[in-house]
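Since the structure comes first, as structure tokens, the remarks are kept for the end.
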Amino acid sequence: MQKYITVFTGGEYPSRESACRYVVSGAQNYIIAADSGLETAEAFGFSPDLILGDMDSIRDKALLNAYPQDRVKTFIQDKDYTDTELALEEARKICPADSDDGTTVVLIGGDGGRIDHLLGIYDLFASGLRPDVWVCRQQALWYMKKGSTFALSDLAAGDPVSIARLSSGRQGGSIETNGLQWEAPLFRKTGMPSISNRISTAFFDRGKPVELTVTDGAFLLIVPLSAAVTCLRR
0 MQKYITVFTG GEYPSRESAC RYVVSGAQNY IIAADSGLET AEAFGFSPDL ILGDMDSIRD
60 KALLNAYPQD RVKTFIQDKD YTDTELALEE ARKICPADSD DGTTVVLIGG DGGRIDHLLG
120 IYDLFASGLR PDVWVCRQQA LWYMKKGSTF ALSDLAAGDP VSIARLSSGR QGGSIETNGL
180 QWEAPLFRKT GMPSISNRIS TAFFDRGKPV ELTVTDGAFL LIVPLSAAVT CLRR
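Just so you know, numbering that gives the first Met the number 0 puts 96 at position 97 of the sequence shown, and the rest follows in order with no gaps.
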């Protein structure tokens with residue numbers, strides 16, 4: 000059975016229906032709430048296994064009283080790490096980055112609001128604390144490492160498919176694609192390889208999934224929440 004470690008954090012978040020596509024019912028889930036992510040988790044019907052942070056953003060502190068002390072870790076406000084980083088650190092203690100045990104680390108929320116927090120989460124994709132997928136209000140960001148293959152289905156004709164480069168120097172890395180309107184040979188060689196790409200007319204008409212394979216480096220796949228993303232090879 001697929002295993003998930005799901006981290007709920009503050010900021011803007013997707014609808015419950017969209018989020019629950021990434022926390023599959025019946026799957027083995029370990030839920031972590033970072034600060035006000037507790038409110039989101041409970042609103043979505045989840046009872047976190049661990050709650051942590053400085054708790055400065057939780058509007059109703061009484062929510063914490065429903066949990067035993069060993070499930071709550073409180074930190075001071077003046078600390079070197081954000082609550083999201085602390086939560087992802089706990090997640091990666093359970094399942095280190097690049098582990099091959101089939102566990103997916105999902106981050107839900109953190110969109111909108113303070114741009115420094117948003118950039119801080121983006122920066123984590125270059126570290127061992129990175130989530131496997133970050134579910135924002137309207138889009139999901141999937142980490143694609145060397146050797147991985149992803150399939151995209153349920154794409155509407157005009158749905159944007161974007162790819163960001165995670166290598167240093169704004170260049171390097173290599174990716175192969177099949178089914179996009181503009182395939183990998185046309186991607187930019189520096190900076191963000193492809194912005195607002197889309198499924199090709201031929202693949203859309205035939206109902207075929209788009210496939211992407213990373214042959215070198217690491218990338219971020221950015222798609223609408225309505226898209227179905229399947230990791231065929233990690």
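Just so it is clear, CB atoms sit at the ideal spot from N, CA and C, and this is done for glycine as well.
Extent of the continuous alpha helix (DSSP H) to which ALA86 belongs: DSSP places ALA86 inside the alpha helix (DSSP H), whose first and last residues are 82-93.
From what residue to what residue does the beta strand (DSSP E) around THR148 run? From DSSP, the beta strand (DSSP E) with THR148 extends over 148-152.
Tell me the start and end of each unbroken beta strand (DSSP E) in the stretch 164-211 that is at least 3 residues and wholly inside, in chain order. Complete beta strand (DSSP E) runs here, min 3: 173-177 and 193-196.
What does a CB cutoff of less than 8 Å around LEU87 pick up in its chain, not counting 5 residues either side in sequence? For LEU87, where only same-chain residues beyond five positions count, the Cβ hits under 8 Å are VAL6, VAL104, LEU106, LEU123, LEU128, ARG129 and PRO130.
Closest to GLU16 by CA distance: which of ALA40, ALA156 and SER35 is it? Out of ALA40, ALA156 and SER35, ALA40 has the C-alpha closest to the C-alpha of GLU16.
Cross-strand partners of GLY52 (DSSP beta bridge): THR73, per the DSSP bridge assignment.
So, are the CB atoms of GLY146 and ARG20 less than 8 Å apart? No. Outside cutoff.
Put LEU62 into one of helix, strand or coil per three-state DSSP. The three-state secondary structure of LEU62, taken from DSSP, is helix.
Along the chain, where does the alpha helix (DSSP H) containing TYR121 start, and where does it finish? That run of the alpha helix (DSSP H) goes 114-123.
Unbroken alpha helix (DSSP H) run spanning ARG15, endpoints: Residue range 15-18 is occupied by the alpha helix (DSSP H) that includes ARG15.
If you pair each beta-carbon of the stretch 188-204 with each one of the stretch 131-144, do three or more pairs fall below 8 Å? Output reads no: the stretch 131-144 does not touch the stretch 188-204.
Please state if the CB of LYS144 and the CB of GLY178 are separated by a distance shorter than 8 Å. Contact: no.
Check each candidate in PHE218, ILE194, HIS116 and GLY168 and name the one with the smallest Cα separation from THR148. Among PHE218, ILE194, HIS116 and GLY168, the Cα nearest to that of THR148 is on PHE218.
Express the C-alpha separation of LYS72 and GLU84 in angstroms, rounding to a whole number. In this model, GLU84 and LYS72 are separated by some 14 Å (Cα to Cα).
Here's the rule I'm using: 16 or more other beta-carbon atoms within 10 Å means buried, otherwise exposed. How should GLU175 be labelled? The C-beta of GLU175 has fewer than 16 other C-beta atoms within 10 Å across all chains shown, which makes the residue exposed.
Note down, in chain order, each residue of its chain lying with its Cβ closer than 8 Å to the Cβ of LYS60, except the 5 sequence neighbours on either side. If we look at LYS60 and ignore the five residues flanking it on each side, its Cβ neighbours are MET54.
List the whole-angstrom C-beta distance separating ASP110 from GLY10, where the pair is believed to meet the contact cut-off of C-beta under 8 Å. Yes, ASP110 and GLY10 are in contact; Cβ-Cβ is about 5 Å, under 8 Å.
For PRO47, which option in ASP34, ARG58 and SER56 has the closest C-alpha, if you only look at C-alpha atoms? Closest by alpha carbon: ASP34.
Can you tell me which of the three DSSP states THR236 falls into? Residue 236 cannot be examined here, being either before or after the span of the chain that is shown, 0 to 233.
Give the C-beta separation of ALA139 and LEU224 to the nearest angstrom, bearing in mind that I take them to be a contact with Cβ-Cβ under 8 Å. With a Cβ gap of about 6 Å, ALA139 and LEU224 count as contacting.
Might you give, ordered along the chain, the residues of its own chain that have their beta carbon closer than 8 Å to the beta carbon of ARG70, omitting 5 neighbours on each side? Here the set comprises PRO47, ASP48, LEU49 and ILE50.
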